[in-house]
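**Q** Mapping of the sequence shown onto the working numbering: position 121 corresponds to residue 152, and the numbering continues sequentially without gaps. Here it is, the structure, as structure tokens.
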Amino acid sequence: MKRKETMTIIEKRFIAKDTVELILQNDDICHRVKPGQFIHILIDGFTLRRPISIADVDLSGKTVTILFKTVGEGTQRLASYNEGEVLDVLGPLGNGFSLPSKDVKTALLIGGGIGVPPLHLLGKRLAEEGVRVISILGFQEAESVFYENQFQLLGDTFIVTDDGSYGYQGVVTDLLSKVGLFDTYYACGPTPMLKSIQQQLDQAEGYISLEERMGCGVGACFACVIPTADRSSYKKVCQDGPVFHAKEVSI
Numbered sequence: 032m033k034r035k036e037t038m039t040i041i042e043k044r045f046i047a048k049d050t051v052e053l054i055l056q057n058d059d060i061c062h063r064v065k066p067g068q069f070i071h072i073l074i075d076g077f078t079l080r081r082p083i084s085i086a087d088v089d090l091s092g093k094t095v096t097i098l099f100k101t102v103g104e105g106t107q108r109l110a111s112y113n114e115g116e117v118l119d120v121l122g123p124l125g126n127g128f129s130l131p132s133k134d135v136k137t138a139l140l141i142g143g144g145i146g147v148p149p150l151h152l153l154g155k156r157l158a159e160e161g162v163r164v165i166s167i168l169g170f171q172e173a174e175s176v177f178y179e180n181q182f183q184l185l186g187d188t189f190i191v192t193d194d195g196s197y198g199y200q201g202v203v204t205d206l207l208s209k210v211g212l213f214d215t216y217y218a219c220g221p222t223p224m225l226k227s228i229q230q231q232l233d234q235a236e237g238y239i240s241l242e243e244r245m246g247c248g249v250g251a252c253f254a255c256v257i258p259t260a261d262r263s264s265y266k267k268v269c270q271d272g273p274v275f276h277a278k279e280v281s282i
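Shown next, in the form of structure tokens:
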């Protein structure tokens, strides 16, 4: 069982429509984070914790950055916390992204909505390793777009919106033909988006990070299981994932 820790909110910002960025301070956690992992946050008045992906880490400031959308009562309550307040968390949890071998020269990041944040930390780590980063980021509309500038610092970045109010109109897979060649891809977002990516990039090497409701967050309750690709067994998203090889699971 992962031990509980506390994280202090040192900055809170509303960065897009219904989207909150919290910068949390904890020296131990920030040094243990791997891209793709999450923290499990206890929110006052709610029994189940909320899993929130980690978007960035600052070792010098001893901070972890998380982003989330206020889509329900739990996240709305989390958004009401103020700077200086302390959160009860478990983490970092989950199986994150592995950095590629030296043979990988170009990586494609594909994020949809709140699936974008974990790809930011991954993109930073890839860029530090000398990998060329290309990003496709999908949002509902212009007001929902966030972190465009941060991804542009990492490499070529394409923005697509459902209604065409910003960037390209359509879905992220519509832009696959525009990005050129890449050696591997990493994707995070809604399940229909990931399924479409699996189908269209079935010959490519890739990894997907699943968004899933969780109970315990540490693999004990079996609330977030998903079948393997051959349907012979199951994987726990919270413990075996949330990152899987694209051909490892059936979604």
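Don't be surprised by glycine CBs; every beta carbon is placed ideally from N, CA and C.
Should Pro82 be labelled buried (16 or more other beta-carbon atoms within 10 Å of its own) or exposed?
**A** When all chains shown are included, Pro82 counts as buried.
**Q** Given Lys209, which residues of its chain have a CB within under 7 Å of its CB, disregarding the five upstream and five downstream residues?
**A** Taken in chain order, the residues that qualify are Phe189.
**Q** Would you check if the distance between the CB atom of Val274 and the CB atom of Tyr265 is smaller than 7 Å?
**A** Not closer than 7 Å, so no.
**Q** CB-CB under 6 Å to Thr296, same chain, minus the five flanking residues each way: which ones, in chain order?
**A** Because the chain in this structure spans residues 32 to 282, residue 296 falls outside the shown range and cannot be described.
**Q** On the three-state DSSP scale, how would you describe Cys247?
**A** If DSSP states are grouped into helix, strand and coil, Cys247 belongs with coil.
**Q** Within a Cβ cutoff of 6 Å, which residues of the same chain sit near Ile145, ignoring the five residues on either side of it in sequence?
**A** These residues qualify, in order along the chain: Lys100.
**Q** How close, in whole Å, do the beta carbons of Ala138 and Tyr216 come, if the pair is a contact with beta carbons under 8 Å?
**A** Yes, Ala138 and Tyr216 are in contact; Cβ-Cβ is about 7 Å, under 8 Å.
**Q** Spell out a yes or no on whether the segment 124–133 and the segment 65–74 are touching, meaning 3 or more CB-CB pairs, one atom from each, closer than 8 Å.
**A** They touch, by the three-pair rule.
**Q** Answer with yes or no whether the minimum CB distance from Ser281 to chain B is below 7 Å.
**A** Checking the listed chains, one finds no chain B in this structure; it contains a single protein chain.
**Q** DSSP on Arg63, reduced to helix/strand/coil?
**A** Coil at Arg63, not helix or strand.
**Q** In chain order, what residues of the same chain have a beta carbon less than 7 Å from the beta carbon of Phe45, not counting five sequence neighbours either side?
**A** If we look at Phe45 and ignore the five residues flanking it on each side, its Cβ neighbours are Val51.
**Q** Quick check on the DSSP output: what are the complete alpha helix (DSSP H) runs of length 4 or more inside the segment 62–111, in order along the chain?
**A** Counting only runs of 4 or more, we get 104–110.
**Q** Write down the C-beta distance between Lys93 and Cys61 rounded to the nearest angstrom, noting that I regard them as a contact closer than 8 Å.
**A** With a Cβ gap of about 5 Å, Lys93 and Cys61 count as contacting.
**Q** I need the DSSP call for Asn113, collapsed to helix, strand or coil.
**A** Reduced to three states, the DSSP call for Asn113 is coil.
**Q** Rounded C-beta distance between Leu140 and Leu152? I'm assuming under 8 Å.
**A** Contact flag wrong, Cβ pair sits at about 11 Å.
**Q** Under 8 Å: do the segment 160–168 and the segment 236–246 share three or more Cβ pairs, one atom per stretch?
**A** No, the segment 160–168 does not touch the segment 236–246.
**Q** So, with DSSP's three-state summary, where would you put Pro138?
**A** First, the residue type needs correcting, since residue 138 is Ala and not Pro in the sequence shown. Three-state DSSP puts Ala138 in a strand.
**Q** Do Asp193 and Gln229 have their C-beta atoms within less than 7 Å of each other?
**A** No, these two residues do not count as a Cβ contact at 7 Å.
**Q** Go ahead and pull the three-state DSSP assignment for Arg262.
**A** In the structure shown, Arg262 sits in coil (DSSP, three-state: anything other than H, G, I, E or B).
**Q** Considering only DSSP beta bridges, list what His276 is partnered with.
**A** Beta-bridge pairing links His276 to Tyr238.
**Q** Along the chain, which unbroken stretches of the alpha helix (DSSP H) at least 4 residues long are found entirely within the segment 154–205?
**A** Fully enclosed alpha helix (DSSP H) runs of 4 or longer: 179–183.
**Q** Are Thr204 and Ser227 touching if we call contact CB-CB under 7 Å?
**A** It is a contact, given that the beta carbons lie within the stated cut-off.
**Q** Rounded to a whole number of angstroms, what is the C-alpha to C-alpha distance between His71 and Arg80?
**A** Rounded to whole angstroms, His71 to Arg80 spans 6 Å at the Cα level.
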